[in-house]
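Numbering (our numbering), first residue to last: 1305 to 1507. All residues carry an ideal CB built from backbone N, CA and C; glycine is no exception. Everything numeric in this text was worked out from a predicted model, so none of it was measured. Notes follow the structure.
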Amino acid sequence: MSTKRKQTGGFLDTPLGSSPRWQGADCAVPCSSGFWGLGCNQSCLCANGAACDPLEGSCTCSAGWRGEFCDTPCPEGSFGLECQELCDCNHADGCDPVSGYCRCLSGWTGIHCDSVCSEGRWGPNCTITCTCENGGSCSPEDGTCVCAPGYRGTSCKRRYFGSLCNQGKSFLPVGSARSISPHLQKRAMQLLPKCVCLSSNNH
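So, in C-alpha cells, the structure goes:
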C-alpha cells in the first residue's frame, strides 16, 4: 500500500493512483485547475470563474452567480457572493450583479442614481453631451433641445422670429413700408432678428 495526502496534510494508506485531490507517482502534486477526484481524473463543471473543490468537485461561485454549477446569474435587485447583497438604487435599471453599482436610468447619476444630470449632460448616468446651440438647453432624459427665444430646430441652429410670425401670417421686416413676397419672407425669417406681424391680432 502506498500513502496519499489528506486535506489536513496527513497521510492515508491507499492504493497508488487513487488519491483524491493529489496526483503524481507519490501523490504529492495537487490537482490541476479544472480537475478533481481520485487521481484528479474528473473534470470540473463550474462555470463563470467559479472555484472547483479538488476533493469533491463542488463549486464556489464568483460574485454575481449562483447555482450548483454557478451558471445562474443573480436575480434582479441582488448582487455579490451568493447573491446575498441587495441593490440600493433609486432611478435605476437594477445594479451590476458583481459590484452592485447602480445602472442609472437616462437623466440620473450618482452612486444611488438620485442626482439629476447637470446642465449640458443627458442620458444614462449623464454620459452624453448636449448638442443644443445658441443658449438652448436639453432634456436630461432624451437630449431633446429646448431652444432659447429666437431659435428653433433639433439643435437650435435655425433663427426664429416669434410664435405669431411662425404661424404663417404675413410680416414685414422692421423698417419696411410694404409687404414682401413669400420667398423674401422666408429669406428674411432666416436672416433678420425681428419681424412685425401684420394681422388684426398684431403684438
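- Bounds of the beta strand (DSSP E) holding D1397 are A1396 to C1399.
- The three-state secondary structure of L1342, taken from DSSP, is strand.
- C1391: not part of any beta strand (DSSP E); DSSP gives it neither H nor E.
- Under the DSSP assignment, C1406 falls in the beta strand (DSSP E) whose first and last residues are C1406 to C1408.
- When only Cα atoms are considered, S1336 and G1361 end up about 12 Å apart.
- Here the alpha carbons of F1383 and G1341 stand approximately 31 Å from one another.
- Proximity to C1393 across G1381, G1343, C1449 and R1462 peaks at G1381, based on C-alpha coordinates.
- For N1345, the number of other beta carbons within 10 angstroms of its own is below 16, and it is reported as exposed.
- Secondary structure of C1449 (DSSP, three-state): strand.
- Per DSSP, reduced to three states, the secondary structure at C1335 is coil, with no helix or strand assignment.
- C1436 is positioned such that its CB atom lies closer than 7 Å to that of C1442.
- Less than 7 Å separates the beta-carbon of R1407 from that of D1397.
- Non-local C-beta neighbours of C1430 in its own chain, meaning closer than 6 Å and more than five positions away in sequence, comprise T1413 and C1421, ordered along the chain.
- Within the same chain, Cβ atoms closer than 7 Å to the Cβ of S1459 are found at T1435, C1436, E1437 and C1449, the five residues on either side in sequence being excluded.
- The residue among Y1405, H1395, G1447 and S1410 with its C-alpha nearest the C-alpha of A1367 is Y1405.
- A straight-line Cα-Cα distance of about 5 Å links C1350 and F1373.
- With at least 16 other beta carbons inside 10 angstroms of its own, G1440 counts as buried.
- Cβ-Cβ distances below 7 Å link P1377 to G1368, W1369 and P1401 in the same chain, with the five nearest sequence neighbours on each side left out; the list follows chain order.
- Short of 8 Å from the beta carbon of D1357, and not among the five residues preceding or following it, lie these beta carbons of its own chain, in chain order: W1340, C1363 and T1364.
- Of the residues assessed, S1403 falls on the exposed side of the cut-off, its CB having fewer than 16 other CB atoms within 10 angstroms.
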